[in-house]
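Throughout the sequence shown, residue numbering follows the working numbering, covering 86 to 669 in sequence.
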Amino acid sequence: MTQGADMDQQPSRPTWSRQIEFTLAGIGCAVGLGNVWRFPYLCYRSGGGAFLVPYLLMLVVLGIPLLYMELTVGQYTRRGPVHALAIVCPLLKGVGMASVAISFIMCTYYNLVITWALYYLFNSFQAPLPWQSCNNTWNTPNCTDHATNNSYSSTASQEFFKYKMLDQTSGVEEAGTLRWELFLILILAWILIYLCIFKGVKSTGKVVYFTALFPYVILIALLVNNVQLPGALDGISFFIVPEWNKLLSVEVWVNAAAQIFNSIGIGFGSLLAMSSYNSFNNNVLKDTLFISITNSLTSILAGFVIFSAFGYMSYLQGIPVSQLAVDGPGLVFVVYPQAFASMPVAQLWAVLFFFMLLCLGLDSEFAMVEVMVTSLLDEFYHHLIKFFKRKEVFVLAVCGVALLLGIPCVMQVGIYIFQLMDHYTAIVSIMFLAFFEIIAICWSYGVKRLSNNLEEMTGRKPNIFFRLCWLIVDPVLITVILIFSIIQFKPARYENYVFPPWAQGVGWIIALASIIWIPLAAVHTLWVLPGSFTQKLKLSITPFTLDDKSQTLYYERRGTVGQPDEAAISPRMSLPEKPLETNF
Numbered sequence: 086m087t088q089g090a091d092m093d094q095q096p097s098r099p100t101w102s103r104q105i106e107f108t109l110a111g112i113g114c115a116v117g118l119g120n121v122w123r124f125p126y127l128c129y130r131s132g133g134g135a136f137l138v139p140y141l142l143m144l145v146v147l148g149i150p151l152l153y154m155e156l157t158v159g160q161y162t163r164r165g166p167v168h169a170l171a172i173v174c175p176l177l178k179g180v181g182m183a184s185v186a187i188s189f190i191m192c193t194y195y196n197l198v199i200t201w202a203l204y205y206l207f208n209s210f211q212a213p214l215p216w217q218s219c220n221n222t223w224n225t226p227n228c229t230d231h232a233t234n235n236s237y238s239s240t241a242s243q244e245f246f247k248y249k250m251l252d253q254t255s256g257v258e259e260a261g262t263l264r265w266e267l268f269l270i271l272i273l274a275w276i277l278i279y280l281c282i283f284k285g286v287k288s289t290g291k292v293v294y295f296t297a298l299f300p301y302v303i304l305i306a307l308l309v310n311n312v313q314l315p316g317a318l319d320g321i322s323f324f325i326v327p328e329w330n331k332l333l334s335v336e337v338w339v340n341a342a343a344q345i346f347n348s349i350g351i352g353f354g355s356l357l358a359m360s361s362y363n364s365f366n367n368n369v370l371k372d373t374l375f376i377s378i379t380n381s382l383t384s385i386l387a388g389f390v391i392f393s394a395f396g397y398m399s400y401l402q403g404i405p406v407s408q409l410a411v412d413g414p415g416l417v418f419v420v421y422p423q424a425f426a427s428m429p430v431a432q433l434w435a436v437l438f439f440f441m442l443l444c445l446g447l448d449s450e451f452a453m454v455e456v457m458v459t460s461l462l463d464e465f466y467h468h469l470i471k472f473f474k475r476k477e478v479f480v481l482a483v484c485g486v487a488l489l490l491g492i493p494c495v496m497q498v499g500i501y502i503f504q505l506m507d508h509y510t511a512i513v514s515i516m517f518l519a520f521f522e523i524i525a526i527c528w529s530y531g532v533k534r535l536s537n538n539l540e541e542m543t544g545r546k547p548n549i550f551f552r553l554c555w556l557i558v559d560p561v562l563i564t565v566i567l568i569f570s571i572i573q574f575k576p577a578r579y580e581n582y583v584f585p586p587w588a589q590g591v592g593w594i595i596a597l598a599s600i601i602w603i604p605l606a607a608v609h610t611l612w613v614l615p616g617s618f619t620q621k622l623k624l625s626i627t628p629f630t631l632d633d634k635s636q637t638l639y640y641e642r643r644g645t646v647g648q649p650d651e652a653a654i655s656p657r658m659s660l661p662e663k664p665l666e667t668n669f
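If you want it as structure tokens, here you go:
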């Protein structure tokens with residue numbers, strides 16, 4: 086098919102109405118619930134201020150260069166992650182498929198947190214707050230209004246989370262029944278997400294003005310309120326003053342790198358997909374710095390908010406900040422609501438906080454859904470439009486499938502399924518994905534090509550710092566992190582409950598559901614390319630060989646298989662413009 090014919094058949098790929106919309110969508114995607122619970126939790130576990138040193142260092146040498154790399158590839162190829170990776174390194178095109186798979190797996194269970202936030206939000210419009218006292222039908226005899234060190238007692242807040250909202254079973258072996266309240270709220274959450282994204286980049290661009298900016302208003306209001314509470318300064322000093330001996334622990338450094346990765350969203354494909362809707366000459370570096378630095382500043386701001394509440398809690402309980410019981414989702418849904426309960430105007434702060442969680446969760450969630458939508462439409466545009474007639478109906482179908490897959494999470498066993506999926510997706514899969522993405526872009530495609538692409542788009546090559554990071558520092562760092570993640574790997578657990586071996590096996594299947602695409606796609610690439618095995622191998626690490634078959638013939642005729650000249654990697658010559666109307 087000629088390029089002209091192709092252009093006639095497919096509408097042009099939309100771009101953001103204004104460039105600020107991409108920047109805000111990028112911030113909304115990067116800034117999520119992890120900034121509010123995972124960052125403060127890691128700080129708390131890693132000696133407070135001591136964690137900030139490796140965290141900021143990893144931001145500079147890992148976060149910013151890799152985000153710059155991803156946005157460059159997305160903007161230059163004007164494709165979602167699957168096609169973009171197939172263009173830059175056909176052998177590792179599976180990395181793109183894996184990032185789509187991991188985003189889709191995550192969007193099915195990440196929406197559970199939005200469901201919880203909505204549940205708490207609806208329950209915040211009553212006085213007294215339902216987690217304020219032990220005089221409720223769901224409370225046990227061990228319930229206490231104030232937290233103590235006694236391991237046999239539980240707080241009103243813990244019991245509301247465990248027995249009222251989750252009504253959880255004793256373990257993953259016991260499925261229990263469907264929690265109808267949570268199921269209906271899950272449907273509501275998916276309706277909200279659909280309304281945010283069904284019109285594609287045009288509707289999302291408008292929604293992010295609110296969802297990306299409003300959480301900052303609430304965070305600042307919470308901070309102003311919290312610092313006035315008794316004991317708040319003790320919590321803040323724990324957050325700022327480092328325990329330097331903790332820096333000798335390798336785990337602290339690995340956690341810092343993993344937090345930068347998970348928080349910015351390197352390897353998830355969301356930001357790469359979004360950047361494919363930028364104008365070709367957009368200044369990538371400006372967006373990179375704005376998104377990554379805003380993301381880290383938000384984490385630090387959330388740290389001040391959470392630790393000032395910790396200080397208040399330790400004041401109420403009469404124990405040091407370091408002895409508070411804090412873990413994962415419990416930080417947001419147990420410890421913090423407990424702090425609200427004894428604040429003046431408790432309902433107002435509870436409503437604001439859970440509405441902020443909703444905003445933070447929504448824009449990260451619809452970014453993950455968009456990766457799936459964009460990639461499927463990039464690949465099967467005509468088939469999908471023929472079947473669904475309208476793009477909006479197709480987006481509805483994707484949301485519907487994700488809703489059905491999320492049903493086990495709103496059963497009584499839901500918290501265990503959530504913990505299992507989160508452990509094996511967010512911790513295990515993403516490191517493998519990041520490792521192969523760096524190999525594909527930094528080493529196979531090459532820093533020289535990446536620099537030329539940037540020069541073509543912006544008129545300037547990246548400076549020596551970025552080129553060094555791409556070539557040496559980041560691949561080495563990711564390899565070290567991957568090795569330590571494997572050595573220090575701990576099986577999934579929830580509080581004191583350790584998952585049985587069969588459940589761990591299911592977890593590994595969930596992890597493999599995304600990773601498996603990397604070797605499968607490599608075999609497929611070698612299968613479809615022409616020539617002997619050596620020729621296939623050379624072609625498989627040559628950009629554009631899958632994207633434009635005429636390019637392969639061009640190399641073979643010139644006898645330059647595997648060594649394309651500079652002209653061969655210009656999009657004007659080698660990348661046939663096949664715009665598609667997709668979401669991001």
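Built from N, CA and C at the ideal position, the CB exists for glycine as well.
- Message: Assuming the contact rule is C-beta atoms closer than 8 Å, D372 and L156 should be a hit. Round their C-beta distance to whole Å, please.
- Response: Within the sequence shown, numbered from 1, the residue matching residue 372 stands at position 287. Within the sequence shown, numbered from 1, the residue matching residue 156 stands at position 71. Indeed, because the Cβ distance is near 6 Å, the residues count as touching under 8 Å.
- Inter-residue CB distance, I199 and A115 (contact presumed, cutoff 8 Å): Residue 199 sits at position 114 when you count from the first residue of the sequence shown. Residue 115 sits at position 30 when you count from the first residue of the sequence shown. Their Cβ separation, rounded to whole angstroms, is 17 Å, which puts I199 and A115 out of contact at 8 Å.
- Task: Determine the DSSP secondary structure at P327, reduced to helix, strand or coil.
- Result: Reading the sequence shown from its first residue, position 242 is the one you call residue 327. Residue state, collapsed to three classes: strand.
- Message: Cutting at 6 Å between CB atoms, please list the residues of its own chain near G320, excluding the five before and the five after it.
- Response: One-based indexing of the sequence shown puts residue 320 at position 235. For G320, where only same-chain residues beyond five positions count, the Cβ hits under 6 Å are F392, S393, F395, G396 and V406.
- Item | CB-CB length for Y674 against D507, believed under 8 Å | Residue 674 lies beyond the residue range present for the chain, which begins at 86 and ends at 669; the question has no answer from this structure.
- Using alpha carbons as the reference points, say which of L624, K621 and I600 lies closest to S184. For this step, residue 184 is matched to residue 99 along the sequence shown. Nearest C-alpha to S184: I600.
- Task: Round the Cβ separation of A241 and S218 to the nearest angstrom and send it over; I've been treating them as touching at under 8 Å.
- Result: Residue 241 sits at position 156 when you count from the first residue of the sequence shown. Residue 218 sits at position 133 when you count from the first residue of the sequence shown. Contact holds; Cβ gap of about 6 Å.
- May I ask you to report which of helix, strand or coil DSSP gives A653? As a position in the sequence shown, residue 653 is number 568, starting the count at 1. Residue placement at A653 cannot be trusted, given a pLDDT of 38 that sits under 50; what the coordinates show is reported in the next sentence. Helix.
- Where N196 falls, given that 16 or more other Cβ within 10 Å makes a residue buried: Along the sequence shown, read from residue 1 onward, the residue named residue 196 stands at position 111. By the neighbour-count rule (16 or more Cβ atoms within 10 Å), N196 is buried.
- Task: Measure from the alpha carbon of E336 to the alpha carbon of each residue in K575, V591 and V583, then state which is nearest.
- Result: As a first step, residue 336 is located in the sequence shown; it is residue number 251 there, counting from the start. It is K575.
- Item | Between the CA atoms of S384 and T108 - distance to the nearest angstrom | Locating residue 108 in the sequence shown gives position 23, counting from the first residue. Locating residue 384 in the sequence shown gives position 299, counting from the first residue. Straight-line Cα distance between these residues: approximately 18 Å.
- Item | Where the alpha helix (DSSP H) containing E259 begins and where it ends | The residue you call residue 259 lines up with position 174 of the sequence shown. First-last for E259: undefined, no H or E at that position.
- Query: Can you tell which of Q432, P493 and A186 has its C-alpha closest to the C-alpha of G261?
  - Reply: Taking the sequence shown and counting its residues from 1, one reaches residue 261 at position 176. Selected option, being the one with the closest Cα: P493.
- Where are the alpha helix (DSSP H) runs, 4 residues long or more, that stay fully inside the segment 100-142, in chain order? 104-115, 118-121 and 123-130
- Report the partner residues of C228 according to the DSSP bridge assignment. As a position in the sequence shown, residue 228 is number 143, starting the count at 1. Assignment of beta-bridge partners to C228 by DSSP yields S239.
- I168, enclosing alpha helix (DSSP H) - first and last residue: One-based indexing of the sequence shown puts residue 168 at position 83. Ile is not the amino acid found at residue 168; the sequence shown has His there. It spans P166 to V173 - the alpha helix (DSSP H) in which H168 sits, taken as one unbroken run.
- Query: Name the DSSP beta bridge partners of Y204, please?
  - Reply: Walking along the sequence shown from the start, residue 204 turns up at place 119. None; Y204 has no bridge partner.
- Message: Buried or exposed for L333, going by 16 or more other Cβ atoms inside 10 Å?
- Response: Counted from its first residue, the sequence shown places residue 333 at position 248. Its Cβ having fewer than 16 others within 10 Å, L333 is exposed.
- Message: Let me confirm a value: E662 is counted as buried when at least 16 other C-beta atoms fall within 10 Å, else exposed. Which label applies?
- Response: If you number the sequence shown from 1, residue 662 lands on position 577. The predicted model places E662 with a pLDDT of 36, which falls under 50 and marks its position as unreliable, so this point remains unresolved.
- How is M516 classed by DSSP in three states: helix, strand or coil? Walking along the sequence shown from the start, residue 516 turns up at place 431. In this structure, M516 counts as helix in the three-state DSSP scheme.
- Could you pull the start and end residues of the alpha helix (DSSP H) that W223 belongs to? Along the sequence shown, one-based indexing puts residue 223 at 138. Careful: W223 lies outside any alpha helix (DSSP H) and carries neither H nor E.
- What residues in its chain sit with their C-beta under 6 Å from that of T637, if we drop five residues either side in the sequence? Taking the first residue of the sequence shown as position 1, residue 637 is located at position 552. Residue confidence for T637 is low, a pLDDT of 42 falling below 50, so the modelled location carries little weight; the figure read from the coordinates is stated next. So the list reads T630, once near-sequence residues are dropped.
- How many whole angstroms separate the CB atoms of M453 and S348, which I take to be in contact at a CB cut-off of 8 Å? Residue 453 sits at position 368 when you count from the first residue of the sequence shown. Residue 348 sits at position 263 when you count from the first residue of the sequence shown. Wrong, their Cβ atoms sit about 14 Å apart, outside the cutoff.
- Task: Apply the 10 Å Cβ neighbour rule to Q211 and answer buried if 16 or more other Cβ atoms are within range, or exposed otherwise.
- Result: As a working note, residue 211 is residue 126 in the sequence shown. Here Q211 is exposed: its Cβ has fewer than 16 other Cβ atoms, across all protein chains shown, within 10 Å.
- Message: Please classify H168 as buried or exposed, where buried requires at least 16 neighbouring CB atoms within 10 angstroms.
- Response: In the sequence shown, the residue the question calls residue 168 occupies position 83. So H168 ends up on the buried side.
- Message: Using a 10 Å radius around the Cβ and a threshold of 16 neighbouring Cβ atoms, would you call V390 buried or exposed?
- Response: Working through the sequence shown from its first residue, we reach residue 390 at position 305. Burial of V390 is indicated by the presence of at least 16 other C-beta atoms within 10 angstroms of its C-beta.
- Message: Within a Cβ cutoff of 6 Å, which residues of the same chain sit near F517, ignoring the five residues on either side of it in sequence?
- Response: Numbered from 1 along the sequence shown, position 432 holds the residue referred to as residue 517. The answer, listed in chain order, is I600.
- Query: Around the Cβ of F323, are there at least 16 other Cβ atoms within 10 angstroms (buried) or fewer (exposed)?
  - Reply: One-based indexing of the sequence shown puts residue 323 at position 238. Label assigned to F323: buried.
- Query: Considering only residues of the same chain and omitting the five flanking positions on each side of K621, which have a CB-CB separation below 6 Å?
  - Reply: Here the question's residue 621 lines up with position 536 in the sequence shown. Only L611 and L614 meet the Cβ criterion.
- Item | Cut-off 6 Å between Cβ atoms - residues of its own chain near M92, not counting five sequence neighbours on either side | Working through the sequence shown from its first residue, we reach residue 92 at position 7. Any reading at M92 must be qualified, since the residue scores a pLDDT of 31, below 50, and its modelled position is unreliable; the value itself is stated next. Counting only Cβ-Cβ distances below 6 Å, and skipping sequence neighbours, we find nothing.
- Task: Please work out which residues of its chain come closer than 8 Å, Cβ to Cβ, to R643, disregarding the five sequence neighbours upstream and downstream, and give them in chain order.
- Result: In the sequence shown, the residue the question calls residue 643 occupies position 558. Note that R643 scores a pLDDT of 36, beneath 50, so its modelled location is shaky; the value from the coordinates is reported in the next line. Excluding residues within five positions, none has a Cβ falling inside 8 Å.
- Message: Let's see if you can read the secondary structure: which residues bound the alpha helix (DSSP H) around L597?
- Response: Indexing the sequence shown from 1 puts residue 597 at position 512. From DSSP, the alpha helix (DSSP H) with L597 extends over P586 to I600.
- Query: Using the rule of at least 16 other Cβ atoms within 10 Å of the residue's Cβ for burial, across every protein chain shown, is P649 buried or exposed?
  - Reply: Numbered from 1 along the sequence shown, position 564 holds the residue referred to as residue 649. Note that P649 scores a pLDDT of 43, beneath 50, so its modelled location is shaky and nothing firm can be said.
- Uninterrupted alpha helix (DSSP H) stretches inside the segment 530-585 (no shorter than 4 residues): 532-543, 549-553 and 559-572
- Task: Mind checking who M48 pairs with in its DSSP beta bridge?
- Result: Because the chain spans 86 through 669 in this model, residue 48 falls outside it and cannot be assessed.
- Query: Which class does M506 belong to by DSSP, given the choice of helix, strand or coil?
  - Reply: Indexing the sequence shown from 1 puts residue 506 at position 421. Note: M506 maps to helix in three-state DSSP.
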